[in-house]
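Chains as they are written, first to last, in my numbering: chain A, 681 to 976; chain B, 681 to 976; chain C, 278 to 522; chain D, 278 to 522.
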Amino acid sequence: MLRYIRYIGAQAWQGFWRNPVMSIASTATVAGMLLLSSFFVIAQRGLDVSLNFLQSKVELYLELDDNAKPSDILALKTRIESDPSVDHVLYVSKDEALTRLKEVADKTGQVSLADVATNPLPASLEVKMRDAQQTKQLASMMRDEVGKGVVTDVVDNPSVVDKVLTITRVLSIGGISVLGLMLFVTLFVIVNTIRIAVHARRDEIEIMQLVGATDSFVRWPFIIEGVLVGIFGASIALLVLAASAPPVMGAISGFLTIVPIDFGPLFALALAGSVLGFALVIGAIGAVISVRSYLR
Amino acid sequence: MLRYIRYIGAQAWQGFWRNPVMSIASTATVAGMLLLSSFFVIAQRGLDVSLNFLQSKVELYLELDDNAKPSDILALKTRIESDPSVDHVLYVSKDEALTRLKEVADKTGQVSLADVATNPLPASLEVKMRDAQQTKQLASMMRDEVGKGVVTDVVDNPSVVDKVLTITRVLSIGGISVLGLMLFVTLFVIVNTIRIAVHARRDEIEIMQLVGATDSFVRWPFIIEGVLVGIFGASIALLVLAASAPPVMGAISGFLTIVPIDFGPLFALALAGSVLGFALVIGAIGAVISVRSYLR
Amino acid sequence: MSTLTARNKASRGSDRRNVIVLEDVSKQYPNGTRALQDVSLAIPDGDFVFLVGASGAGKSTIIRLLTRAEAPTAGRIEVDGEDVGRLTRSHVPHLRRKLGVVFQDFKLLPAKTVYENVAFALQVTGHPDDEVRERTDVALELVGLSKRRDHYPDQLSGGEQQRTAIARALVGKPPIVVADEPTGNLDPVTSWEIIQLLSRINELGTTLVMATHNQEIVNAMRKRVVALEHGSIVRDQAQGGYQHA
Amino acid sequence: MSTLTARNKASRGSDRRNVIVLEDVSKQYPNGTRALQDVSLAIPDGDFVFLVGASGAGKSTIIRLLTRAEAPTAGRIEVDGEDVGRLTRSHVPHLRRKLGVVFQDFKLLPAKTVYENVAFALQVTGHPDDEVRERTDVALELVGLSKRRDHYPDQLSGGEQQRTAIARALVGKPPIVVADEPTGNLDPVTSWEIIQLLSRINELGTTLVMATHNQEIVNAMRKRVVALEHGSIVRDQAQGGYQHA
Ligand SMILES: Nc1ncnc2c1ncn2[C@@H]1O[C@H](COP(=O)(O)OP(=O)(O)OP(=O)(O)O)[C@@H](O)[C@H]1O
Ligand SMILES: Nc1ncnc2c1ncn2[C@@H]1O[C@H](COP(=O)(O)OP(=O)(O)OP(=O)(O)O)[C@@H](O)[C@H]1O
Ligand SMILES: [Mg+2]
Ligand SMILES: [Mg+2]
Numbered sequence: 681m682l683r684y685i686r687y688i689g690a691q692a693w694q695g696f697w698r699n700p701v702m703s704i705a706s707t708a709t710v711a712g713m714l715l716l717s718s719f720f721v722i723a724q725r726g727l728d729v730s731l732n733f734l735q736s737k738v739e740l741y742l743e744l745d746d747n748a749k750p751s752d753i754l755a756l757k758t759r760i761e762s763d764p765s766v767d768h769v770l771y772v773s774k775d776e777a778l779t780r781l782k783e784v785a786d787k788t789g790q791v792s793l794a795d796v797a798t799n800p801l802p803a804s805l806e807v808k809m810r811d812a813q814q815t816k817q818l819a820s821m822m823r824d825e826v827g828k829g830v831v832t833d834v835v836d837n838p839s840v841v842d843k844v845l846t847i848t849r850v851l852s853i854g855g856i857s858v859l860g861l862m863l864f865v866t867l868f869v870i871v872n873t874i875r876i877a878v879h880a881r882r883d884e885i886e887i888m889q890l891v892g893a894t895d896s897f898v899r900w901p902f903i904i905e906g907v908l909v910g911i912f913g914a915s916i917a918l919l920v921l922a923a924s925a926p927p928v929m930g931a932i933s934g935f936l937t938i939v940p941i942d943f944g945p946l947f948a949l950a951l952a953g954s955v956l957g958f959a960l961v962i963g964a965i966g967a968v969i970s971v972r973s974y975l976r
Numbered sequence: 681m682l683r684y685i686r687y688i689g690a691q692a693w694q695g696f697w698r699n700p701v702m703s704i705a706s707t708a709t710v711a712g713m714l715l716l717s718s719f720f721v722i723a724q725r726g727l728d729v730s731l732n733f734l735q736s737k738v739e740l741y742l743e744l745d746d747n748a749k750p751s752d753i754l755a756l757k758t759r760i761e762s763d764p765s766v767d768h769v770l771y772v773s774k775d776e777a778l779t780r781l782k783e784v785a786d787k788t789g790q791v792s793l794a795d796v797a798t799n800p801l802p803a804s805l806e807v808k809m810r811d812a813q814q815t816k817q818l819a820s821m822m823r824d825e826v827g828k829g830v831v832t833d834v835v836d837n838p839s840v841v842d843k844v845l846t847i848t849r850v851l852s853i854g855g856i857s858v859l860g861l862m863l864f865v866t867l868f869v870i871v872n873t874i875r876i877a878v879h880a881r882r883d884e885i886e887i888m889q890l891v892g893a894t895d896s897f898v899r900w901p902f903i904i905e906g907v908l909v910g911i912f913g914a915s916i917a918l919l920v921l922a923a924s925a926p927p928v929m930g931a932i933s934g935f936l937t938i939v940p941i942d943f944g945p946l947f948a949l950a951l952a953g954s955v956l957g958f959a960l961v962i963g964a965i966g967a968v969i970s971v972r973s974y975l976r
Numbered sequence: 278m279s280t281l282t283a284r285n286k287a288s289r290g291s292d293r294r295n296v297i298v299l300e301d302v303s304k305q306y307p308n309g310t311r312a313l314q315d316v317s318l319a320i321p322d323g324d325f326v327f328l329v330g331a332s333g334a335g336k337s338t339i340i341r342l343l344t345r346a347e348a349p350t351a352g353r354i355e356v357d358g359e360d361v362g363r364l365t366r367s368h369v370p371h372l373r374r375k376l377g378v379v380f381q382d383f384k385l386l387p388a389k390t391v392y393e394n395v396a397f398a399l400q401v402t403g404h405p406d407d408e409v410r411e412r413t414d415v416a417l418e419l420v421g422l423s424k425r426r427d428h429y430p431d432q433l434s435g436g437e438q439q440r441t442a443i444a445r446a447l448v449g450k451p452p453i454v455v456a457d458e459p460t461g462n463l464d465p466v467t468s469w470e471i472i473q474l475l476s477r478i479n480e481l482g483t484t485l486v487m488a489t490h491n492q493e494i495v496n497a498m499r500k501r502v503v504a505l506e507h508g509s510i511v512r513d514q515a516q517g518g519y520q521h522a
Numbered sequence: 278m279s280t281l282t283a284r285n286k287a288s289r290g291s292d293r294r295n296v297i298v299l300e301d302v303s304k305q306y307p308n309g310t311r312a313l314q315d316v317s318l319a320i321p322d323g324d325f326v327f328l329v330g331a332s333g334a335g336k337s338t339i340i341r342l343l344t345r346a347e348a349p350t351a352g353r354i355e356v357d358g359e360d361v362g363r364l365t366r367s368h369v370p371h372l373r374r375k376l377g378v379v380f381q382d383f384k385l386l387p388a389k390t391v392y393e394n395v396a397f398a399l400q401v402t403g404h405p406d407d408e409v410r411e412r413t414d415v416a417l418e419l420v421g422l423s424k425r426r427d428h429y430p431d432q433l434s435g436g437e438q439q440r441t442a443i444a445r446a447l448v449g450k451p452p453i454v455v456a457d458e459p460t461g462n463l464d465p466v467t468s469w470e471i472i473q474l475l476s477r478i479n480e481l482g483t484t485l486v487m488a489t490h491n492q493e494i495v496n497a498m499r500k501r502v503v504a505l506e507h508g509s510i511v512r513d514q515a516q517g518g519y520q521h522a
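In structure tokens form, the structure reads like this:
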């Protein structure tokens, strides 16, 4: 058994290196496709993060009656918070509202507001959405509250919110479907490449069989060779990615002062793992499929 | 000469059909990569249109002093319009502003505003940007006007505008670089596939040479065969695209009631033309490169 | 060698069983060519048979049928007691290991050296590494290729390729050796060495079937001769010559 | 045929020019094998030369050098007045069209039929279609393969492949024919037919070089024999036999 495994390993290694043109070309194809896929996974992830950020900007303001009872305001706040589409609700008092306005006015260099005598600003509830898609529904619900003594006005921006949400949805569905097609084509192209390479060696398969080799004796070295192609291809793709990540990230970070694109600490690791695993499995599957046609 | 051309055509056709496994696999790879590229070009185009639409929502409002002289307002309007980053400027009178507000109020079912006695709303200039990236600069320029008797306030939303613009820029740069990589990998993979297929037939090339065939006599049939692979691959890709366009568009158009994604009338034609041309040229180039290694 | 000697003694009895039997075998290739028609042939264990006939007579076709590289269109083929036509896929390799075949076109693995090509026939049956090494070395020595052991097939002369194929067929000590024109690319001296080698192996009990055009060898050996003509057996003579007696 | 006859008459003069000249040619393959050492040989126009020698002596290597499939490590080779070693890449095809070569391993194009393989040798020189058709048919008839014209090489018997290779070498009526073991897969009768065909072509003025192991043919023809041993010429005899006289 051990002898058999050693034999298979040696044969696969030999098969890889003694058909260098085909092995290198296959490996290059695998590397190219994986690089593209990875790049795309990263772009898709970036798109996702950007869109989430865009969505997280969607808020709803409820302007409150100056005379509303604190208990009523609290009850309303609690009620809104229990809605699963809401992330959190912030109470902004009249004073806070004024302070904020002053800060903004100072920053933007507009006329000073420091000398305002009576505070014209209402207190408000700022509702941050968890699921931005539900904003419209919540807003119309809140409008029913207007005039009941607590809420005086509901401020959203239905047309802008709608548009942002639509674009968000289209982009992320588009991104996911292109990614799906991408992975499918990657699989297809890699399997196809291995098939051509194995086809070119069909005579070898026939000869091995004629000399008394069993199917698995012929098949296994090819499978391991496919795995080798996968591993080498994935390694090249990952090396290129790793090498190009710092400059690309540097270039992007120029734009990123405002939008915090953070992939999370494990993203790189998970990506590398999936690329390697994906390549390895496709290599093996490609070999199995390809060899099968010549084992009759 | 004519005989030579006929000979080459016949040889290429024969070469394609008598190595069916390799021809079909190569064609399938070409089709897959082109399909992916096309899909991606379309997605990138969609992204572009969406982002332009998002950008076109960026506006600047200048609230005007109730006592400003019409000639001053007109002068300001003309000045702003001369800025190349501005698309157009709309004057909204106090009355119009009120009418609009009433309409919005009616639609959203808020308290009726029909009985407002004095009009509290200012007249304004609505500036639609052509180049949204310049909004900030224009806004700060306009703020210098505040208090000079015409403009009372400049309403933009610096943080939101900035964020939208940043995201827009990142997404479109990301889209273009992924597209670039995509086209490069497509080229690379197709050339690689043809190289493997030609490598598998290197003995044929050697035999032809030994029998007295000149380089071009060997090369041309392979080139035309590469072109055939390109044409067939492109045709398959375009057929799949054409077949999948209506349902995909149908599914998307659900979202598109608000964002008007319009690719323009010639987009499909231009896409089909480029795909075919690209495939044909790559097929030929791939064959030239591949055959060259065996013509020594 | 001890098992071979034992088999030899047993097989030289009065009624040796037939290790190869063809009964009314016909073969028509998919493109319509009729290569064999109603061929019947029985070869007892330990026999030495020459298969002769003009180019295209059907000699290689018979060999392809024995190894199940092709299936007969009609008729029954038996090798070492097994009905070749009814073998399951998984049993074909075991049939082929009983047959040491020298192919007319050699069928060497292009990405393996001479040594590796010969060793391969032992590796398929799972021999331990040191045994593979030892026996492969002996086989290469026998056909005079020790000096070329690390050449790839395309770095060999025609005769060297042929001898590699012969070494591969013999290295596994199969009970039946089938050689298709094994001296076509060899000079007379080397040819005779190979024939003597095969002859010795046959004396040790191996059944030998050899398709050949080498008139001199057939005439000199005075072994059984089966002559084919247009896919049919026209002569089957115990101690024959190349031409009709 | 008329040009051949004309050439024939002219060439049978007293001092025929040498169409093949090897001067101190050595060949060492990249892996270190010394295949030829200081071989000098001159073959006059219209000659019939047998190249004999044991397996691995270097016969095929000489042929490979003549066609510039390999370049010599040292020495000078001239074919039909041209220095083969100094030919530019673009002139190599023209050299090869002057040489009709029967390769030891046939070198047939696997994706072409028998007919197409033979026709190919005419197509490379740009013959008109109807001439290609006519001459290919004649060549196939000559080697007895008309019935197999639409077979692919892997649908042919060994001897049929060999005859296809012969037909391809002859169809272009080249001034020099080089045949490497052209009868190794042919039965004696067919072998003799082929030899007679080659002999007739030679009588019409074609220079003929034939590497062979076929003792009987060499002895019977009584032509010039060049014998190689370990890469060196050990005998060059005007009307020789296979063995040393
Ligand atoms: N795969 C095939 N498809 C079609 N016809 C074939 C095939 N293989 C062989 N033939 C034909 O079958 C006939 C017998 O072929 P076979 O190889 O058995 O001849 P052979 O006796 O070995 O001849 P040779 O001495 O030339 O090797 C030939 O006429 C050949 O053309
Ligand atoms: N490509 C190569 N690389 C290395 N060595 C080679 C190569 N081709 C041939 N040889 C060696 O050169 C020697 C001469 O080979 P060649 O083919 O000329 O022999 P030959 O006389 O034609 O023999 P045969 O009668 O067996 O065909 C042989 O020993 C062979 O192993
Ligand atoms: Mg045969
Ligand atoms: Mg030779």
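Note that CB positions come from ideal geometry on N, CA and C, so glycine has one too.
C-alpha distance - residue i paired with residue j, whole-angstrom precision
i                      : j                      : result
residue 739 of chain B : residue 867 of chain A : 46 Å
residue 296 of chain D : residue 486 of chain D : 11 Å
residue 879 of chain B : residue 880 of chain A : 8 Å
residue 708 of chain B : residue 696 of chain B : 13 Å
residue 731 of chain A : residue 948 of chain B : 28 Å
Whether residue i touches residue j by CB criterion (9 Å)
i                      : j                      : result
residue 298 of chain D : residue 353 of chain D : yes
residue 381 of chain D : residue 462 of chain C : yes
residue 869 of chain A : residue 862 of chain B : no
Where residue i meets chain A, residues with beta-carbon distance less than 9 Å
i                      : result
residue 873 of chain B : 705, 709, 869, 872, 873, 876
Below-9 Å beta-carbon distance, residue i vs any chain D residue
i                      : result
residue 465 of chain C : yes
residue 865 of chain B : no
Any chain C beta carbon closer than 9 Å to residue i
i                      : result
residue 332 of chain D : yes
residue 308 of chain D : yes
residue 462 of chain D : yes
residue 695 of chain A : yes
Residue from the options with nearest C-alpha to residue i
i                      : options                    : result
residue 682 of chain B : D:413, D:403, D:446, D:321 : D:403
residue 705 of chain B : A:874, A:730, A:749        : A:874
residue 833 of chain A : A:804, A:898, A:815        : A:804
residue 431 of chain D : C:418, C:338, C:374        : C:338
Interface partners of residue i on chain B, CB under 7 Å
i                      : result
residue 720 of chain A : 858
is_contact[residue i, chain B] using C-beta, thresh 9 Å
i                      : result
residue 880 of chain A : yes
Interface residues of chain B facing residue i [CB-CB closer than 9 Å]
i                      : result
residue 726 of chain A : 850, 851, 854
Chain-ordered neighbours of residue i on chain D, where CB pairs are closer than 8 Å
i                      : result
residue 894 of chain B : 367, 370, 401
Residue i: contacting residues in chain D (beta-carbon distance under 7 Å)
i                      : result
residue 434 of chain C : 332, 333, 337
Contacts of residue i in chain A (Cβ-Cβ under 8 Å)
i                      : result
residue 861 of chain B : 715, 716, 719
9 Å Cβ cutoff, residue i in contact with chain A
i                      : result
residue 420 of chain C : no
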